[in-house]
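One structure below.
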Amino acid sequence: MQLSATYSQTWDLENIFSGGSESSTLVQHLEKLEHELPLLKKYIETLEPTASLASWVDAIQPLQKLGSGLVEARSFLDCLESQNVKDEKAKVLSGKLTQIGATYEAVITALESKVARVPESDWQQLMKSPELNQVSFSLNEMRKRSLEKLPPAQEELAGDLSVDGYHAWSEMYSTIVGRMQVPFEEGGETKLLSVGQLANKMASPDREVRQRVFEKWEEAWRNEADLCAVTINHLAGYRLQLYKRRQWENVLKEPLDLNRMEGQTLQTMWDVVAKNKHRLLPYMKRKAEMLGVDQLSWHDVQAPLPGNKQTLSYDEAAKFIIEQFEQFSPDMASFAQMAFEKRWIEAEDRPGKRPGGFMTDFPISGESRIFMTFSGTPGCVSTLAHELGHAYHTYVMKDLPFLAQQYAMNVAETASTFAEVIVIDAAIKQATSKEEKMVLLADKIQSTIAFLMDIHSRFLFETRFYEKRKQGPLTRDELCELMVEAQKEGFADMLAEYHPHFWASKLHFYATDMPFYNFPYTFGYLFSAGIYARALQEGAGFATKYVDLLRDTASMTVEELGKRHLGVDLTQPDFWQDAMDLLMADVDEFLALTEA
């Protein structure tokens, strides 16, 4: 007799907005945002630099309420479009929301121009007030930003034009992905797979399957490369023109500001990565030997080791994750259990879903949702833990004001990676055989390769692409050449075969909400390694300190975060090198285990 599953693999969105893309409640919600945002903008435009505290509160509190409403709707529509890439009504509503979002940005621009004119002494008094103190960091950021942008009218015009320009090009990626169906033969039967389903097969333990999947994957994106090249060129062109008008010479200025991070910190981190990358090469050579090849190819890098046929059911994965979280923090474990029980997770393996995984927040509902496609591999278990880490981060901040919840991507990736490491390290310690330990160590090291090599190659590609794009659009062939060149440097020229059309396939290159959707991952990975080292040193009492750190992530720079909660200077190499040494100990252990 087959036992029924404990946890559903499909999420429940009904309590957010009932009826999916046909939801009348959602339409009313959008209409309310559409009505109230212009009214708030008009009110802000009447504010005088010497306005009373009550007047400023009357502007900032509605701004936060409307911001929460915007995120609530955006998260919902992201969920709808991800669970069904052919949901045309959701795409239409998403376009409408993008226009509403432009109005919200205009409200922000209006507020920025007003706060910039408040006399410094008055401003400091406002920031010390109980009503605004919790969001003073965000308001100070607004005050600083206003001095670095175009005049408000021009910024508002740029925002309006971006709806059918900048953001519209980003939506092109979703359109391309939604129509893609790749024929793949398996078990004597040819099926049409979505790109998400095909990507999951790249984790097959059978190298012949991986090779066929990779060939099909490359071919599929080669067929779409012309459209992707037009899209990525126009996205970059828009961004560069806006930066030029703002007189921002460094293309990394916006992503660094959004990540509340100094350029010196980023440079120091990459310097330490480059200096230590060679320590991963013995693992890659050993893995190639174990796979019976001279050199790893692209599709081998994240592949399981030979003989590793282990898969877990969704229920088994859930139980395992909850148990490991329990070892670090009972609160974190009970949160994860609640997420499974309340159906906050969409994990079903079915056609029509978008590839990849994410966590999205619903600030009004006080909930989160996780999207992925679960196939039972150790990598899927890690992804599940990773996204639950994101969700826990949001959960511990839900009582803070909206502006004090808006943490940056790099610290978001810290929380997710920390959760992932808790699970994988606990599994390594509990391994009952040498073979099991070896497989789990390999899985962990493959994450290190992903963050230090793959992500580095993405960063190299994107920075070089933007430099070349200043001279004009690049052809699909030039983009492929640039991609392979970056991959060779990122992977220390250790691969026999690279992925020329990676630039076309990766959603992150097409994101307009976060330019340079790459280096925050590596920051988060290494920062979490340093935090994890501190957790190992301090034991059970660290769980409370960890929550304190998470709650501050939207209220200070990463450099301030490091100093206050860890006592470290992130602009110097010491912290990064310590994190690197901790990660490289896994390589040494793996090499010792597989010596024979």
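The UniProt record's numbering applies: residue 1 is where the sequence shown begins, and numbers increase by one. Each residue gets a CB set at the ideal place from its N, CA and C atoms; glycine is no exception.
Do Leu266 and Phe461 come within 8 Å of each other at the CB atom, strictly closer than that value?
-> It is not a contact, given that the beta carbons lie outside the stated cut-off.
The beta strand (DSSP E) spanning Val71 covers which residue range?
-> Looking at the DSSP string, Val71 is not in any beta strand (DSSP E); the run it does join, the alpha helix (DSSP H), is Leu53 to Gln83.
Ignore the nearest five residues each way along the sequence and tell me which others in Arg286's own chain have a CB closer than 8 Å to its CB.
-> Within the same chain, Arg286 has close Cβ partners Phe590, Leu591 and Thr594.
Nearest to His499 by alpha carbon, out of Arg458, Thr98 and Ile176?
-> When the alpha-carbon of His499 is set against those of Arg458, Thr98 and Ile176, the nearest one is in Arg458.
Determine the direct distance from the alpha carbon of Lys128 to that of Ser136, and round the result to whole angstroms.
-> Computed Cα separation, rounded: 8 Å.
What first and last residue would you give for the beta strand (DSSP E) that runs through Gln183?
-> Sequence inspection shows Pro at residue 183; the Gln mentioned does not correspond to that position. Per DSSP, Pro183 belongs to the beta strand (DSSP E) from Val182 to Glu186.
Buried versus exposed call for Asn410 [16 or more other C-beta atoms within 10 Å across all chains shown] = Asn410 should be labelled buried.
What are the boundary residues of the beta strand (DSSP E) that Glu189 is part of?
-> Glu189: member of the beta strand (DSSP E) spanning Glu189 to Leu193, first to last residue.
Cβ of Leu30 within 8 Å of Cβ of Gly20?
-> Cβ atoms of Leu30 and Gly20: not closer than 8 Å.
Please find out if some non-hydrogen atom of the ligand SAH comes closer than 7 Å to the beta-carbon of Gly165.
-> Looking for the ligand SAH in the displayed structure turns up nothing, as the structure carries no ligands at all.
What three-state label does DSSP hand Gln2 in the structure shown?
-> Confidence in Gln2 is poor, its pLDDT being 37 and thus under 50, which makes the residue's placement unreliable; the coordinate value appears in the next sentence. Looking at Gln2 - three-state DSSP - the assignment turns out to be coil, as it is neither helix nor strand.
Rounded to a whole number of angstroms, what is the C-alpha to C-alpha distance between Tyr229 and Met514?
-> Before going further, note that residue 229 is Ala rather than Tyr in the sequence given. Whole-angstrom Cα-Cα distance: 19 Å.
Burial state of Glu367 (16 or more Cβ within 10 Å) = Burial is judged here by how many other beta carbons sit within 10 angstroms of a residue's own beta carbon; Glu367 has at least 16 and is buried.
Segments of 3+ residues assigned as beta strand (DSSP E) that fall wholly inside the segment 356 to 408 | Counting whole runs of 3 or more residues, the segment 356 to 408 contains the beta strand (DSSP E) stretches 358 to 362 and 367 to 371.
In three-state DSSP terms, what is Glu346?
-> In the structure shown, Glu346 falls within a strand segment according to DSSP collapsed to helix, strand and coil.
Take the Cβ of Ser170 as the centre, count every other Cβ of all protein chains shown within 10 Å, and call the residue buried at 16 or more, exposed below.
-> Using a 10 angstroms sphere on the CB of Ser170, the tally of other CB atoms reaches 16 or more, which defines it as buried.
Roughly how many angstroms separate the alpha carbons of Glu262 and Asp552, rounded to a whole number?
-> A straight-line Cα-Cα distance of about 18 Å links Glu262 and Asp552.
Spatial neighbours of Ser555 within its chain, please: CB distance less than 6 Å, with the 5 preceding and 5 following residues excluded, ordered by chain position.
-> Result list for Ser555: Phe137 and Ala404, in chain order.
Starting from the Cα of Thr414, find the closest Cα among Ala431, Glu435, Ala391 and Asn233 and give me that residue.
-> When C-alpha distances from Thr414 are compared across Ala431, Glu435, Ala391 and Asn233, the shortest belongs to Ala391.
What's the gap between the Cα of Met584 and the Cα of Thr522?
-> Near 15 Å, if we compare the C-alpha coordinates of Thr522 and Met584.
For Leu37, which of helix, strand or coil comes out of DSSP?
-> Secondary structure at Leu37: helix, using DSSP grouped into helix, strand and coil.
Roughly how far, in whole angstroms, is the beta-carbon of Leu70 from the beta-carbon of Gly101, given that I think they are within contact range, below 8 Å?
-> Indeed, because the Cβ distance is near 6 Å, the residues count as touching under 8 Å.
Bridge partners of Leu536, per DSSP?
-> Beta-bridge pairing by DSSP links Leu536 to no other residue.
Residue range of the alpha helix (DSSP H) that Gly101 falls in?
-> Start and end: Glu88 to Val115.
Ser18 classed as buried or exposed, judged by whether at least 16 other C-beta atoms fall within 10 angstroms = Answer is exposed; the Cβ neighbour count stays below 16.
When you compare each of Ala110, Ala59, Leu193 and Lys149 to Asp349 by their alpha carbons, which one comes out closest?
-> Of the candidates Ala110, Ala59, Leu193 and Lys149, the one whose C-alpha sits nearest the C-alpha of Asp349 is Leu193.
Proximity of Lys277 and Met483 at Cβ, strictly below 8 Å | No, the pair does not count as a contact, with Cβ atoms beyond the cut-off.
Per DSSP, which one or two residues make a beta bridge with Leu495?
-> Bridge partners of Leu495 according to DSSP: Leu296.
Can you have a look at Leu536 and say buried or exposed, based on whether 16 or more other CB atoms are within 10 angstroms of its CB?
-> It counts as exposed.
Three-state secondary structure (DSSP) at Ser505?
-> DSSP places Ser505 in helix when its eight states are reduced to three.
Return the CA-CA distance between Thr360 and Ser75, expressed in angstroms with no decimal places.
-> Using only the alpha carbons, I get a separation of about 6 Å.
Euclidean distance between Cα positions of Leu258 and Ala408 = A direct Cα-Cα distance of roughly 6 Å separates Leu258 from Ala408.
Jot down the residue ranges of each uninterrupted alpha helix (DSSP H) in the segment 404 to 473, minimum 4 residues, whole runs only, in chain order.
-> Listed in chain order, they are 409 to 430, 434 to 449 and 455 to 469.
Spatial neighbours of Lys149 in its chain, beta-carbon cut-off 8 Å, leaving aside the 5 residues before and after | Take Lys149, set aside five residues on each side of it, and the residues of its chain with a beta-carbon closer than 8 Å to its own are Thr109, Glu112, Glu155 and Arg246, in chain order.
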